[in-house]
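Read through the structure below, which is laid out as structure tokens, and then see the notes.
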Amino acid sequence: MDNHFEKSVHQGAMQIKRSVDDAYHLAIQDGFALLDVAIDEPRLRKALIDDRSGAVVSFDGRVRNHNNDSQVQRLTYYGYEALAINQGRLIIDKAKAQFGIVNAVAMHRIGALEIGDMAIWVGVSAAHRDAAFDACRWILDTIKADIPIWKQEYYPDEPSKWLSNNG
Amino acid sequence: MDNHFEKSVHQGAMQIKRSVDDAYHLAIQDGFALLDVAIDEPRLRKALIDDRSGAVVSFDGRVRNHNNDSQVQRLTYYGYEALAINQGRLIIDKAKAQFGIVNAVAMHRIGALEIGDMAIWVGVSAAHRDAAFDACRWILDTIKADIPIWKQEYYPDEPSKWLSNNG
Amino acid sequence: MSVESTIEINVLYFANLADESGCDEESLAIANKMSLSQLYDHLQQKHSLSMPQSELRVAINDYFVSWDEPIKAGDNVVFISPVAGG
Amino acid sequence: MSVESTIEINVLYFANLADESGCDEESLAIANKMSLSQLYDHLQQKHSLSMPQSELRVAINDYFVSWDEPIKAGDNVVFISPVAGG
């Protein structure tokens with residue numbers, strides 16, 4: 000596939016349809032948003048925490064230089080933003096109802112990423128550590144299963160591929 | 000107990016016996032150190048991460064305004080630093096041997112803390128999320144069980160008390 | 000001679016479905032009462048989509064729906080191939 | 000008349016043990032072959048320490064040891080009351 004064709008059908012899914020500030024506002028208020036630039040972790044972390052938060056667990060997922068046996072050069076995440084945001088809000092609401100937590104915020108980056116770039120951040124604050132760990136892991140797993148984001152990895156010696164979390 | 004007496008027998012356990020930079024160096028190299036000033040989380044996080052780290056899980060524990068039914072005003076952590084450092088190194092070595100992780104770093108603050116201050120930070124990087132979550136939780140639980148740190152909480156209407164994690 | 004009633008809908012394509020269909024969006028006039036399964040059958044033939052319906056989920060108007068959800072005029076329909084976030 | 004052999008050791012106190020003993024450190028001459036349990040019995044009486052040995056752990060020279068570890072001249076001995084980090 001040539002680069003021009005790739006851009007023409009996927010370009011919309013590589014960019015968010017709101018400003019970066021609006022994306023942070025949404026993530027902080029509803030618990031989830033997509034972003035198309037580097038995730039500012041301290042900004043999200045700060046929004047998570049208040050005096051009731053005895054425990055804060057966070058996860059960040061980064062682009063590795065290996066996926067199974069293949070050397071990864073770079074990858075691109077594509078997102079269906081409107082569905083992602085609706086589904087993300089449902090996931091965060093469910094986590095808040097299900098685990099004894101104070102707050103939860105998550106963000107997923109889309110677009111072209113390099114090795115080491117942060118693709119996802121999930122943070123949970125709670126009075127107690129068990130709830131924070133359990134909720135953070137559940138939110139991460141549920142985002143991976145349900146949020147409409149697709150990933151294409153590029154390798155030095157093979158064609159790029161679409162990856163799937165359940166394949 | 001008057002303040003003078005408190006200071007005379009506990010003062011040594013409220014301060015670390017090395018420089019702040021040496022404490023960071025030790026935490027980054029051996030995986031654990033005590034610190035007697037605010038923990039600089041980004042400094043530890045940066046040391047954790049390399050290109051093999053697909054997943055980073057971190058925990059931070061903060062002073063809450065409530066412990067069970069009592070209103071907490073402030074608290075003081077006291078540490079037996081030399082044993083804490085030896086035991087911390089054993090814990091981190093064991094975590095590295097036991098879980099498939101890339102790196103782990105933890106730090107515990109001692110001295111007088113206010114509500115909202117970070118008392119402990121534990122970070123784990125790994126290729127995969129399950130190992131990162133499992134190791135972070137295990138390190139935290141093992142630090143809480145085995146590291147010689149004691150906590151005294153101060154309340155508005157009651158005498159201060161020594162707390163215990165297993166009491 | 001029966002007049003077949005049609006409705007206008009919009010379909011979005013992502014990832015491998017966008018590659019195979021060669022577009023990210025199209026407007027379609029479809030038979031009223033057409034089911035989501037029938038719609039995917041139709042598009043699968045039209046664009047030679049390789050993925051069977053059993054591997055897909057479906058969304059209408061930016062929410063996941065079940066495959067028996069009816070399609071209404073003006074709906075945005077999206078077939079969701081296996082995701083890979085995180 | 001037997002000459003009892005003694006050794007010099009150092010004991011550190013933390014937390015409630017420091018409160019009760021009123022010090023953070025003391026040097027002691029103890030009987031050679033005294034066990035860690037005997038040492039704690041002795042100190043418990045001397046300082047009216049409220050905590051039974053069963054609630055304590057013990058460290059020598061900055062490492063946890065078991066209660067049957069022998070005490071040597073010059074050792075730093077610390078009885079560790081229940082911890083509360085994290």
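Residue numbers (numbering that gives the first Met the number 0), protein chains in the order written: chain V, 0 to 166; chain H, 0 to 166; chain L, 0 to 85; chain G, 0 to 85. Quick reminder that beta carbons are idealized off the backbone N, C-alpha and C, glycines included.
Check	Outcome
Cβ of V:MET0 within 8 Å of any chain L Cβ	At V:MET0 the pLDDT is 42, less than 50, meaning the model places this residue with poor confidence; the figure from the coordinates comes in the next sentence. With 8 Å as the cut-off, V:MET0 counts as an interface residue toward chain L.
Simplified DSSP assignment, three categories, for G:LYS71	coil
Beta carbon proximity, V:LYS95 to chain H, threshold 8 Å	no
Any 3 or more C-beta pairs closer than 8 Å across the stretch 69 to 76 of chain L and the stretch 44 to 63 of chain G	no
Element boundaries [beta strand (DSSP E), containing H:GLY19]	Position check: residue 19 of chain H holds Val in this sequence, whereas Gly was assumed. Element bounds for H:VAL19: not the beta strand (DSSP E) but the alpha helix (DSSP H), 19 to 29.
Three-state secondary structure (DSSP) of V:GLU5	Only weak support exists for where V:GLU5 lies, its pLDDT of 49 falling under 50; the value from the coordinates is given anyway. Three-state result, V:GLU5: helix.
Nearest to V:ASN102 (by Cα), restricted to the options V:ASN64, V:PHE132, V:GLY110	V:PHE132
Element boundaries [beta strand (DSSP E), containing H:GLN10]	Run containing H:GLN10: none; DSSP gives neither H nor E here.
Residue-chain proximity (V:ALA103, chain L), Cβ-Cβ < 8 Å	no
Interface residues of chain G facing H:ILE148 [CB-CB closer than 7 Å]	VAL82, ALA83, GLY84
The stretch 70 to 87 of chain V touching the stretch 107 to 114 of chain V, judged by at least three CB pairs closer than 8 Å	yes
Inter-residue spacing [alpha-carbon to alpha-carbon] between V:ALA179 and V:ALA105	Chain V is shown from 0 up to 166; residue 179 of chain V falls before or after that span and cannot be answered.
Residue span of the alpha helix (DSSP H) that contains H:LEU112, given as start and end	Run containing H:LEU112: none in the alpha helix (DSSP H); it sits in the beta strand (DSSP E), 110 to 113.
Inter-stretch contact at 8 Å, needing at least 3 Cβ pairs: the stretch 53 to 67 of chain V / the stretch 57 to 75 of chain H	yes
Cβ-Cβ separation, V:ILE146 to V:GLY87 (assumed contact under 8 Å), whole Å	6 Å
Length at least 3, wholly inside the stretch 76 to 120 of chain H: the beta strand (DSSP E) runs in chain order	100 to 108, 110 to 113
Partners in chain L for V:ALA12, counting only beta-carbon separations shorter than 7 Å	PHE13
Whole-angstrom C-beta distance between V:LYS143 and L:GLY84, which should lie under 8 Å	6 Å
Which residues DSSP lists as bridging V:TYR154, in chain order	V:TYR154 is not bridged to any residue.
Proximity test, Cβ basis, 8 Å: H:PHE58 and chain V	yes
Residue-chain proximity (V:ILE38, chain L), Cβ-Cβ < 8 Å	no
Nonlocal neighbours in the same chain, by C-beta distance under 8 Å from V:ASP68, ignoring five residues either side	none
Closer than 8 Å to chain V by CB, L:PHE63	yes
Neighbouring residues, chain H, relative to V:VAL55 (Cβ below 9 Å)	SER57, PHE58, ASP59, GLY60, ARG61, MET117
Residue environment, H:HIS3, which counts as buried when at least 16 other CB atoms sit within 10 Å	Note that H:HIS3 scores a pLDDT of 48, beneath 50, so its modelled location is shaky; the value from the coordinates is reported in the next line. Exposed is the call here.
Touching by the beta-carbon criterion (3+ pairs, under 8 Å), the stretch 17 to 29 of chain G and the stretch 7 to 14 of chain H	yes
Neighbourhood of V:ARG42 by C-beta, 7 Å cutoff - its chain only, sequence neighbours within 5 removed	TYR23
Cβ shell of V:ALA46 (< 7 Å), same chain only, five flanking positions each side left out	ILE27, VAL104
Short Cβ contact (8 Å threshold) for G:SER47 with G:TRP66	no
Start-to-end residues for the beta strand (DSSP E) that takes in G:LEU55	Counting along the chain, G:LEU55 falls outside any beta strand (DSSP E), and DSSP gives it neither H nor E.
Simplified DSSP assignment, three categories, for G:TYR62	strand
L:GLU7 versus V:ALA83: straight-line alpha-carbon distance, rounded	25 Å
Selection from V:ALA81, V:MET117, V:ASP92, V:PRO155 that minimises the alpha carbon distance to V:VAL71	V:PRO155
G:LEU42 to G:ASP18 span [Cα, whole Å]	14 Å
Contacting residues, own chain, Cβ-Cβ under 8 Å from H:TRP137 (five flanking each side not counted)	ALA94, GLN97, PHE98
DSSP three-state assignment for G:TYR41, whether helix, strand or coil	In the sequence on display, residue 41 of chain G carries His and not Tyr. Here G:HIS41 sits in helix by DSSP.
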